[in-house]
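Peer 1:
There are 4 protein chains.
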Amino acid sequence: MIDKNKIPVGIVGATGSVGQKFIELLQDHPWFQITALGASERSAGKLYKHAANWFQEAPIPTRIANMVVSECKPGLPCKLVFSGLDAAVAGPIEEAFAEAGYIVISNAKNHRMLDNVPLLVPDVNPDHLTLIDDQKSKGKIVTNPNCSTTGLVVALKPLQDAFGIDKVSVVTMQALSGAGYPGVSSLDVIDNMIPYIGGEEEKMQIETLKILGQKKGNKVDFADLTLSASCNRVPVMNGHMESVSVKLKSKVKKVDVLKAWQDYTSEPQKLDLPFAPKPPIYYFDDPRFPQPRLHRDLGKGMAVSIGRLRDCTVLDYKFTVLSHNTVRGAAGGAILNAELLVKKGYYED
Amino acid sequence: MIDKNKIPVGIVGATGSVGQKFIELLQDHPWFQITALGASERSAGKLYKHAANWFQEAPIPTRIANMVVSECKPGLPCKLVFSGLDAAVAGPIEEAFAEAGYIVISNAKNHRMLDNVPLLVPDVNPDHLTLIDDQKSKGKIVTNPNCSTTGLVVALKPLQDAFGIDKVSVVTMQALSGAGYPGVSSLDVIDNMIPYIGGEEEKMQIETLKILGQKKGNKVDFADLTLSASCNRVPVMNGHMESVSVKLKSKVKKVDVLKAWQDYTSEPQKLDLPFAPKPPIYYFDDPRFPQPRLHRDLGKGMAVSIGRLRDCTVLDYKFTVLSHNTVRGAAGGAILNAELLVKKGYYED
Amino acid sequence: MIDKNKIPVGIVGATGSVGQKFIELLQDHPWFQITALGASERSAGKLYKHAANWFQEAPIPTRIANMVVSECKPGLPCKLVFSGLDAAVAGPIEEAFAEAGYIVISNAKNHRMLDNVPLLVPDVNPDHLTLIDDQKSKGKIVTNPNCSTTGLVVALKPLQDAFGIDKVSVVTMQALSGAGYPGVSSLDVIDNMIPYIGGEEEKMQIETLKILGQKKGNKVDFADLTLSASCNRVPVMNGHMESVSVKLKSKVKKVDVLKAWQDYTSEPQKLDLPFAPKPPIYYFDDPRFPQPRLHRDLGKGMAVSIGRLRDCTVLDYKFTVLSHNTVRGAAGGAILNAELLVKKGYYED
Amino acid sequence: MIDKNKIPVGIVGATGSVGQKFIELLQDHPWFQITALGASERSAGKLYKHAANWFQEAPIPTRIANMVVSECKPGLPCKLVFSGLDAAVAGPIEEAFAEAGYIVISNAKNHRMLDNVPLLVPDVNPDHLTLIDDQKSKGKIVTNPNCSTTGLVVALKPLQDAFGIDKVSVVTMQALSGAGYPGVSSLDVIDNMIPYIGGEEEKMQIETLKILGQKKGNKVDFADLTLSASCNRVPVMNGHMESVSVKLKSKVKKVDVLKAWQDYTSEPQKLDLPFAPKPPIYYFDDPRFPQPRLHRDLGKGMAVSIGRLRDCTVLDYKFTVLSHNTVRGAAGGAILNAELLVKKGYYED
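Chains as they are written, first to last, in this note's numbering: chain A, 4 to 352; chain B, 4 to 352; chain C, 4 to 352; chain D, 4 to 352.
(1) Does the contact criterion of 3 or more C-beta pairs under 8 Å hold for the region 220-239 of chain A versus the region 282-295 of chain B?
(2) Determine whether the Cβ of serine 248 of chain C lies closer than 8 Å to any Cβ atom of chain D.
(3) Do proline 161 of chain D and tyrosine 267 of chain D count as a contact pair if the criterion is CB distance below 8 Å?
(4) According to DSSP, simplified to helix, strand and coil, what is aspartate 194 of chain D?
(5) Is cysteine 75 of chain C close to chain D? Criterion is C-beta to C-beta, closer than 8 Å.
(6) Is there a Cβ from chain D that is less than 8 Å from the Cβ of glycine 304 of chain C?
(7) Identify each residue in the region 187-217 of chain B for which the Cβ-Cβ distance to at least one residue of chain D is less than 8 Å, and report them in chain order.
(8) Have a look at the DSSP bridge pairing and note the partners of phenylalanine 35 of chain A.
(9) Report back the beta-carbon spacing between leucine 325 of chain A and proline 295 of chain A to the nearest angstrom; my notes put them in contact at under 8 Å.
(10) For a test of the three-state rule: what should DSSP assign to asparagine 147 of chain D, helix, strand or coil?
(11) Going along the chain, which residues of its own chain have a beta-carbon closer than 6 Å to the beta-carbon of asparagine 221 of chain A, five neighbours each way excluded?
(12) Taking the alpha carbon of glutamate 204 of chain A as the point to measure from, which residue in A:Lys273, A:Val171, A:Gly335, A:Ser73 has its own alpha carbon closest?
(13) Can you tell me where the beta strand (DSSP E) with glycine 310 of chain D in it begins and where it stops?
(14) Starting from asparagine 235 of chain C, follow its DSSP beta bridges and name the residues at the other end.
(15) Identify the residues that DSSP records as bridge partners of valine 249 of chain B: which are they?
(16) For a cutoff of 8 Å on Cβ pairs, would you count leucine 297 of chain B as touching chain D?
(17) Please compile the residues from chain D whose C-beta is within a distance smaller than 8 Å of the C-beta of arginine 331 of chain C.
(18) Is the beta carbon of valine 145 of chain B sitting closer than 8 Å to the one on serine 109 of chain B?
(19) Could you tell me which chain B residues have their CB closer than 7 Å to the CB of methionine 116 of chain A, listed as they occur along the chain?
(20) Do aspartate 134 of chain D and valine 120 of chain D have their CB atoms nearer than 8 Å?
(21) In terms of residues, what are the limits of the alpha helix (DSSP H) holding isoleucine 26 of chain A?
(22) Between glutamine 23 of chain C and chain D, is there a C-beta pair that is closer than 8 Å?
(23) Any chance you could list the alpha helix (DSSP H) runs of at least 4 consecutive residues sitting entirely within the region 265-313 of chain C, in chain order?
(24) Which runs of the beta strand (DSSP E) fall wholly inside the region 28-115 of chain D and span at least 3 residues, in chain order?
(25) For leucine 122 of chain B, tell me which candidate among B:Gly348, B:Lys250, B:Leu344 has the shortest Cα-Cα distance.
(26) Give a yes or no on whether 8 Å exceeds the smallest Cβ distance from lysine 170 of chain B to chain A.
(27) Using a Cβ-Cβ distance under 8 Å, would aspartate 300 of chain B count as near chain D?
(28) Where DSSP assigns a beta bridge to aspartate 15 of chain A, which residues make up the other side?
(29) Strictly by DSSP, which residues pair up with valine 223 of chain C?
(30) Span of the alpha helix (DSSP H) holding leucine 344 of chain D?
(31) Looking at lysine 82 of chain A: is its Cβ nearer than 8 Å to the Cβ of tyrosine 105 of chain A?
(32) Using 8 Å as the limit for Cβ to Cβ distance, is proline 185 of chain D near chain A?
(33) How about glutamate 27 of chain C: is its C-beta nearer than 8 Å to some C-beta of chain A?
(34) Under 8 Å, Cβ to Cβ, is there at least one residue of chain C near glutamate 60 of chain A?
(35) On a CA-only basis, which of C:Glu44, C:Glu60, C:Ser46 is nearest lysine 24 of chain C? Give me that one, please.
(36) With H, G and I counted as helix, E and B as strand and the rest as coil, what does DSSP make of serine 188 of chain A?
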């Protein structure tokens, strides 16, 4: 059942919600094949089906269900690991793997802001990947941003390239799955919403600047734009919605903004990476769209949907952005990172 | 059962969702007593309990249930009518009542922007009431703003008074009841939200300027601030949430902003109007608050709740506002308007 | 773009919620290809994308989006039509098509209980198909049952075959999509449920007896079991859940009941019909399962899920049944009917 | 602020979800006044407002907010304690209080089925109270049943008295608050429901028999009826719905059943207990009713609502029952128990 032509990969944090999503998305991946599952001591030694409280809609892939879970320590039969670890434990574990020579594709926040760690969205800043050349360890760590940042930077990048961006004001309406499982109590969000997600606004405000920054030598010059984020939790399962206003650096027409999104294509599409959405951006003319339930799965959950472009009386333009938080904004984004890294020759047998 | 000491009032549009809320809120009102119910031809002649598809949580008050519904034409046994009519029909009906000498307390948008019609929020612009002196009809029309405008202007007024306001950027997350009944299909909002409410952004952007404007002679000089609104519908029953950013006209400290809200008291409290919330504004230190289900009913649904005051990197300050859309933002707000009008001597037996 | 090797089919009631589901499910069907779309006069003449308020999660298939909608009258370029018409109009329209020589695969209730019309669930009563030999019209009408009946009869059939069934008590918890679009108002089901669905209990109680009945000559001898149904609407998008109790005609062990379901395979599987789920029934050992969101899509929405088999102190056994109401219980079930009919030679070019 | 004329009472498990409900409901109680709050070691010594994660809709009563929390040990300044303790710890704590002379009004399951402990619903089996005469401890323990049992027995009691009951089949659709806080993850019940609540069916099946049983000497002869329960969790905040079928011991007309409910009045109404709902039962003619959001608060959450009485083809009659699970089915029911006990002279200063 093991395909010798595929790259063996491990998943650490395999029983958690991001770990489960890695498993779901990597099933039938054309390049990668899961050969190791790492989780906490409590789970180690058990069959995955007994260790995980699986709550994805599709059943556990049979081969995975019957794999034995290992501890999250170097020694796994692979050279590339996806990390869906919680930030509380991700730091030292990911570092241990990197020291031991593994490529670590991490979804955790711990190493995102280090100078020599790429905070990577392949559609936006693929050139940042080479920051890892500066990592001293035998292995490497690559990270993807916070789920609410990803959709935003994909929507902003074409505008930055074409017109320059001065200011961004964004209010998010984020899905429940972003809080993990069990996450938000049903008693807190039936007929209700919560105007606060701890640490989220800070993450959006700083990560966006790094991702949209310019690589200069071994470092990223952060983008010189100002961003203000207000983050809300709404009773939606999956799909983060964002009401965005931007002030551009040049005076442009609405039609030019639309064209910037429409024409946008980037490295993952050019390299024909398996997880690259084609097109990367959908724009909707119907003012009721995009909506989470209807459009979060476009491009297999990897596309970013935009709608309602209109004048803003305070900044220049307003629009709505939607992206799938656990696919585009977490496991799927990390897989795209791994694909870019492999295509660029960083993975060696 | 009729109390001779109370002012007889009618409700036109009595079977609709705002009409039902008028009935619910006017039950046991110390000054007003419902003596007439007007609805469409189809309902006229029926007992109210047979004409209305009542869907409030409390049952129909018994006396009201057995009243016969009239058509929406002058001739009702009262001199003051509350209008919960749909905008599609409210225009000529409200005018006919005003011509016939009735005081019309309207929740409809039709006459809001006319020079001699007060767009009234008694906590904010009670002095605008005298605009009606310029109405030529025997009766008068007074209006209250759109449900998403009301909470916002109550939160902004103390800041305008104390510091001046330059710019406002607001993103709303509005409740389902704002769309009336049956309104939004359940298939559109289970595990979903809608980034669009037709006409809502335009209403917020213009109404706010009139309400916060200065009365000069017989007209209102609109406030010289810029407001940008983005309106979203979320799966919450009642209670509009708003993420607000403001740029003030003077440099102030966070503590000054808090103090402006804390110290705020206005005409309805001074006049001790029955529907005046005391205090008019609640500020929450807990960053998770306010939340719709927990705080929409504060002050019997008439208070405005604010939380999460913090720096904004694009404008000056950001905060969250909540108000009950069908009470504070519709029927309750209209009742407070009627109370002010009576207290100011505009109602004569 | 038209594939000459496929059977051309029409959809009447194509803009409604069942019509949309037919379009979604027939896309890429190996045997059928949509060549005609019929809807009301109001829609006729328009492009489908302009006539329909499409609200499925996947976008309208491009070819369908640009087809011109016809009226629901014979003359459509096909010989087989799927009817997603509302019961209010389905009667005469379906009859007109049958008179004109069309095979009508109907989801409407109008003709279900006629002696010579099969009320068909191919996994349960495929032999009833030949009832149409008795239809006098040039064309034929075949019907599928009410959405809440379908899941139940698939679960009951293996028990009836193996042990005989004496009594059934069923309480349903039905999804919102069963009421069509816009259907149930969001104000009626957020933080709420409704213990009533007009006509539903009567349909379940009689349809089940016909489907589980024995064909004797040209008629069906209704099954001699007693069924009591209580139908509730719950705030779930798709997937009808049913709490079922049965009294069997013979004394059996729990393990025998499980085996009856496990071993069950029926005509659609034997004939390898494209929409036949394999297996037709999933049984879950985990007492928390099945659940609508997790399991409604098993077998592409055509499988029936069962769980929680346990002793009943009033009848013999209790269990939980789940089936997808708009796929298995409506459009998908009708497509399976058409497949059986074609396989059995009733369709001629 | 302490009212010397009221009976001082304590609440153990005061920070939990039932404890919070006790506090909310006892505010302004005419007989009782909270003088002690007990919780876990972790909370002891803190102000209640700092110890509790309060999530009720009304704010914490000011006096309570500033009370210091004690440990759950005898020594509290009161002689009567309400127990909202979790079953995992309730056993020994409640016994310690009873040993020390306290009257314990418990909502926990631990002592419900003991011979000398009344499982009390004052509208149903007030005479069972005297079972406590047999308790050897200086103090006494009285319990109320599981939240899903309470509504059912109130609906059944008038039928048992009038006609005798032979069999009951009940399927519940239970609210989320029944699982406590945080309880059910939002990811498990948005667009979903769960057909299983651990231990619930067993509790309903046995508790009902004790409550409807006859006191004979010092014991209860369990009712000789058979009950089968199937318990489901649905996405509703508060209010348990139940689809019930009954077989009566005598042949009766529908009108007689209705009359039995209508005429029903019981001990709490006769004794004019403060928490006694008047009437105890509401019957709705509208087949869409009762519904949780609309009717759970009738009689301040203490009334039981019934609707849809109709023939059952398997047993005799079917109907729908609704009761508020955290009020009638938990804290409110316990308070009614305490009121009965005081009225009957079991409380001494």
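Backbone N, C-alpha and C define an ideal beta-carbon position, used for all residues, glycine too.
Peer 2: Let me lay it out:
(1) no
(2) Counting from one through the third sequence, the residue named residue 248 of chain C turns up at place 245. Yes, its Cβ sits closer than 8 Å to a Cβ of chain D.
(3) As a working note, residue 267 of chain D is residue 264 in the fourth sequence. As a working note, residue 161 of chain D is residue 158 in the fourth sequence. Yes, they are a contact pair.
(4) Working through the fourth sequence from its first residue, we reach residue 194 of chain D at position 191. Aspartate 194 of chain D: coil per DSSP, three-state reduction.
(5) Looking up residue 75 of chain C in the third sequence gives position 72. By this cut-off, cysteine 75 of chain C is not an interface position.
(6) What you label residue 304 of chain C is simply residue 301 of the third sequence in a count that begins at 1. So, not an interface residue.
(7) From the region 187-217 of chain B, only Ile193, Asp194 have a Cβ closer than 8 Å to chain D.
(8) Working through the first sequence from its first residue, we reach residue 35 of chain A at position 32. Beta-bridge pairing by DSSP links phenylalanine 35 of chain A to A:Ile10.
(9) Counting from 1 along the first sequence, the entry for residue 325 of chain A is found at position 322. Counting from 1 along the first sequence, the entry for residue 295 of chain A is found at position 292. Contact between leucine 325 of chain A and proline 295 of chain A holds: their C-beta atoms lie close to 6 Å from each other, under 8 Å.
(10) The residue labelled residue 147 of chain D in the question sits at position 144 within the fourth sequence. DSSP places asparagine 147 of chain D in coil when its eight states are reduced to three.
(11) Within the first sequence, the letter at position 218 stands for residue 221 of chain A. Hits under 6 Å: Asp137.
(12) Start at 1 with the first residue of the first sequence, and residue 204 of chain A comes out as number 201. Minimum Cα-Cα distance from glutamate 204 of chain A among the listed residues A:Lys273, A:Val171, A:Gly335, A:Ser73 corresponds to A:Val171.
(13) Within the fourth sequence, residue 310 of chain D is the residue found at index 307, counting from 1. 307-314 is the span of the beta strand (DSSP E), which, as asked, contains glycine 310 of chain D.
(14) The count along the third sequence starts at 1 and reaches residue 235 of chain C at position 232. C:Met176.
(15) Within the second sequence, residue 249 of chain B is the residue found at index 246, counting from 1. Its beta-bridge partners are B:Val171, B:Tyr320.
(16) Translated into positions along the second sequence, residue 297 of chain B becomes position 294. True, the Cβ-Cβ gap to chain D drops below 8 Å.
(17) Position 328 of the third sequence, counted from the first residue, corresponds to residue 331 of chain C. Per Cβ cutoff of 8 Å: no residues; arginine 331 of chain C is ~18 Å from chain D at best.
(18) Mapped onto the second sequence, residue 145 of chain B falls at position 142. Mapped onto the second sequence, residue 109 of chain B falls at position 106. A contact, by the Cβ cut-off of 8 Å.
(19) Numbered from 1 along the first sequence, position 113 holds the residue referred to as residue 116 of chain A. Taking the beta carbon of methionine 116 of chain A as reference, no residue of chain B falls within 7 Å; the closest one sits roughly 18 Å away.
(20) Walking along the fourth sequence from the start, residue 134 of chain D turns up at place 131. Walking along the fourth sequence from the start, residue 120 of chain D turns up at place 117. Reading the sequence as shown, one finds leucine at residue 134 of chain D and not aspartate. Yes, Cβ-Cβ distance for leucine 134 of chain D and valine 120 of chain D is below 8 Å.
(21) Taking the first sequence and counting its residues from 1, one reaches residue 26 of chain A at position 23. Where isoleucine 26 of chain A is concerned, the enclosing alpha helix (DSSP H) stretches over 20-29.
(22) Locating residue 23 of chain C in the third sequence gives position 20, counting from the first residue. Output row for glutamine 23 of chain C: interface = no.
(23) 270-273, 295-298
(24) 35-42, 83-86, 106-109
(25) Here residue 122 of chain B is taken as the residue at index 119 of the second sequence, counted from 1. Checking every option, the nearest Cα to that of leucine 122 of chain B belongs to B:Leu344.
(26) Translated into positions along the second sequence, residue 170 of chain B becomes position 167. It does; some Cβ of chain A falls within 8 Å.
(27) For the purposes of this step, residue 300 of chain B is taken as residue 297 along the second sequence, with counting starting at 1. By this cut-off, aspartate 300 of chain B is an interface position.
(28) Taking the first residue of the first sequence as position 1, residue 15 of chain A is located at position 12. In the sequence as presented, aspartate is not what sits at residue 15 of chain A; that position holds valine. Bridge partners of valine 15 of chain A: A:Gly41, A:Ser86.
(29) Counted from its first residue, the third sequence places residue 223 of chain C at position 220. Answer by DSSP bridge pairing, in chain order: C:Lys218.
(30) Translated into the one-based positions of the fourth sequence, residue 344 of chain D becomes position 341. Its alpha helix (DSSP H) spans residues 335-346.
(31) Along the first sequence, read from residue 1 onward, the residue named residue 82 of chain A stands at position 79. Along the first sequence, read from residue 1 onward, the residue named residue 105 of chain A stands at position 102. In terms of Cβ geometry, lysine 82 of chain A and tyrosine 105 of chain A form a close pair [threshold 8 Å].
(32) To locate residue 185 of chain D, count along the fourth sequence from 1; it is residue 182. True, the Cβ-Cβ gap to chain A drops below 8 Å.
(33) Residue numbering aside, residue 27 of chain C sits at position 24 when the third sequence is read from its first letter. So, not an interface residue.
(34) As a working note, residue 60 of chain A is residue 57 in the first sequence. Residue-level contact check: glutamate 60 of chain A touches chain C, since one or more beta carbons of chain C fall below 8 Å from its beta carbon.
(35) Here residue 24 of chain C is taken as the residue at index 21 of the third sequence, counted from 1. When each option's Cα is compared against that of lysine 24 of chain C, the closest is C:Glu60.
(36) Reading the first sequence from its first residue, position 185 is the one you call residue 188 of chain A. Serine 188 of chain A falls in the strand class under three-state DSSP.
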